[in-house]
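First comes the structure, then the notes that go with it.
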Amino acid sequence: MLGWLLGELAGLFEWFLEDVYGAAMGLLAEVLGVPMLGYPYMQRAYLAAVCVAVIGPLVGTFLVHREISMISDTLAHTAFAGVAVGLFLNATFELSLSPLLTAFIVAVVTALLVELLVEHAGAYTDTSLAIVLTGGFAVGSILITATDGGIAVGIDAYLFGSLATVSKGDVGRLVFMCVFVGGLVTLAYRPLLYVTFDATAARAVRLGVRRYKRLMVVLTALVVVSAMQIMGVILVAAMLVVPVATAALVARSFKHSILLAILAAEFAAIAGVTLSYVYGIAAGGSIVVAAIAVYTVVLIVRKLPADASLRALNPSNRRQAGRSRDVLEADGGDEQQ
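If you count the sequence shown from 1, position 332 lands on 332 in full-length UniProt numbering, and the numbers rise without skipping.
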């Protein structure tokens with residue numbers, strides 16, 4: 001029954017990808033006179049990038065405001081070790097494991113390990129993350145050299161990302177992750193918000209703080225592993241942090257911050273994929289550079305003298321300038337009036 005359902009869903013997605021989305025992109029290519037929009041692999045690349053630009057900031061906003069954004073970088077580097085584990089086992093024992101599956105398992109275990117270190121080992125959060133990050137990358141490098149570099153070629157696509165390696169299955173997984181991660185965050189939004197901004201108060205009202213913290217790190221692992229093939233392990237963490245930092249410059253509330261972060265990430269993703277095709281450069285690097293460019297532009301605009309003068313003349317803005325993140329209400333993330 002399950003196999004039949006999965007087969008039906010796969011068929012439905014393939015119909016959507018080719019007959020709906022593909023046809024629409026083909027029409028757009030003709031209207032705009034941009035042939036690359038009609039190429040199937042570019043259509044897949046754009047859709048994958050758009051999905052990454054949704055789930056990255058959606059999870060990253062909670063991480064940044066909890067001041068543990070480094071966990072995304074840690075999980076990305078340990079996911080590299082997970083990919084190396086999968087490729088090593090396949091090469092050594094002639095198995096056919098998916099490197100993404102082993103990467104996800106390693107990333108989830110790592111995320112839970114970091115939580116345990118912070119809670120029980122008395123280690124500072126950044127110290128724990130640094131230890132696990134370097135350890136994971138070290139294990140990955142050992143496994144690569146253990147096979148005399150035989151799996152190094154296979155791991156390059158995961159390290160740096162590649163448009164050419166984005167298959168229908170990869171896009172389908174990212175679309176599913178978009179729905180899955182978006183649905184979970186929507187359902188658990190209020191508890192996650194409480195835990196993010198005031199874990200002590202959340203414990204006082206008997207909210208499962210530990211449970212929701214673990215949910216967030218598992219979602220982070222999902223996002224990191226899902227985005228690896230287009231962004232690359234080295235750069236995937238940027239999509240959880242840079243757009244959120246951009247949104248934080250202008251956002252009026254937590255919900256507003258999430259929306260602006262996703263919009264900034266979408267612009268960077270589409271621009272990055274386009275630049276990658278036009279100039280033949282790495283997709284992940286192009287997307288990250290575009291995201292940083294957006295952040296820089298927003299920062300410069302905010303620092304313009306005229307803008308600063310207007311803010312200084314507005315009494316309400318002067319009051320808001322001294323506020324901390326406590327202006328976000330736990331019941332919806334809007335500013336207090």
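Note that CB positions come from ideal geometry on N, CA and C, so glycine has one too.
In angstroms with no decimal places, state the Cα-to-Cα distance between residue i and residue j.
i	j	result
A199	A188	15 Å
M70	M25	37 Å
P35	G11	27 Å
F197	A130	24 Å
A79	E14	28 Å
L275	I281	7 Å
L117	S128	6 Å
S72	G232	13 Å
L97	I155	14 Å
L37	G22	9 Å
R206	F160	43 Å
R66	M1	42 Å
A157	G284	11 Å
A237	A164	21 Å
D19	L9	15 Å
L100	P305	49 Å
T186	A271	28 Å
E115	T92	32 Å
R211	P191	10 Å
L113	E119	10 Å
L3	A103	Rather than Leu, the amino acid found at residue 3 in this sequence is Gly. Between G3 and A103, the C-alpha separation is close to 24 Å.
G183	F267	23 Å
V263	V59	The sequence given here has Leu at residue 263, not Val. Distance between the alpha carbons of L263 and V59 is about 14 Å.
V278	V64	33 Å
L259	L32	28 Å
What distance in whole Å lies between the Cβ atoms of residue j and residue i, which are believed to be in contact at a cut-off of 8 Å?
i	j	result
V195	A204	V195 to A204, Cβ: 12 Å. No contact.
A269	T246	That belief does not hold up - the Cβ atoms of A269 and T246 are roughly 13 Å apart, past 8 Å.
V181	L219	6 Å
S257	T61	6 Å
L28	T74	Actually they are not in contact, since the Cβ atoms of L28 and T74 sit about 39 Å apart, beyond 8 Å.
V288	L249	Between L249 and V288 the Cβ distance is about 18 Å, and since that is not below 8 Å, they are no contact.
V241	A111	With 8 Å as the limit, V241 and A111 do not qualify as a contact, their Cβ atoms being about 16 Å apart.
V213	L17	In the sequence as presented, Val is not what sits at residue 213; that position holds Lys. Not quite, the Cβ-Cβ distance comes to about 36 Å (not below 8 Å), so this is no contact.
Got a sec? Which residues, its chain only, sit under 8 Å from residue i by beta carbon, not counting five neighbours each side?
i	result
V166	Y41, R44, A45, A48, Q229 and I230
L6	none
L95	L89
M177	C51, I55, L222, V223 and S226
V273	M42, A45, Y46, A49, L163, A283, S286 and I287
E30	G38
G208	P191
Using a Cβ-Cβ distance under 8 Å, would residue i count as near chain C?
i	result
T246	Protein chains in the displayed structure number just one, and chain C is not present.
Apart from the five residues just before and just after residue i, which ones in its own chain have a Cβ nearer than 7 Å to its Cβ?
i	result
A265	A53, G56, P57, M239, P243 and A291
H77	L133, G136, F137 and V233
D126	M70
V298	T246, L249 and V250
L215	A188
Could you pull out every residue in the same chain whose Cβ sits closer than 6 Å to the Cβ of residue i, ignoring the five residues on either side in sequence?
i	result
L313	Reliability of the predicted coordinates at L313 is poor, the pLDDT of 43 falling under 50, and the value obtained from them is presented with this limitation in mind. Answer for L313: no residue qualifies.
I300	none
K303	none
S309	Annotation note: pLDDT 46 at S309 (below 50); position unreliable, no value reported.
V139	A81
Heavy atom of the ligand FMN less than 7 Å from the Cβ of residue i, yes or no?
i	result
A48	The model depicted lacks the ligand FMN and carries no ligand whatsoever.
Between the region 93-110 and the region 215-226, do at least 3 Cβ pairs fall closer than 8 Å? Yes: at least three Cβ pairs fall under 8 Å.
If we count Cβ pairs, one from each stretch, closer than 8 Å, do we get three or more for the region 155-173 versus the region 288-305? A contact between stretches requires three or more CB pairs, one per stretch, nearer than 8 Å, and the region 155-173 fails this requirement with the region 288-305.
Please determine if the region 140-147 and the region 77-85 are in contact, where contact requires at least 3 C-beta pairs separated by less than 8 Å. Touching, per the Cβ criterion.
Fully enclosed by the region 154-187, which alpha helix (DSSP H) runs are 4 residues long or longer? Correct list: 168-187.
Entirely within the region 44-106 and at least 4 residues each: give me those alpha helix (DSSP H) ranges in chain order. Runs found: 70-93.
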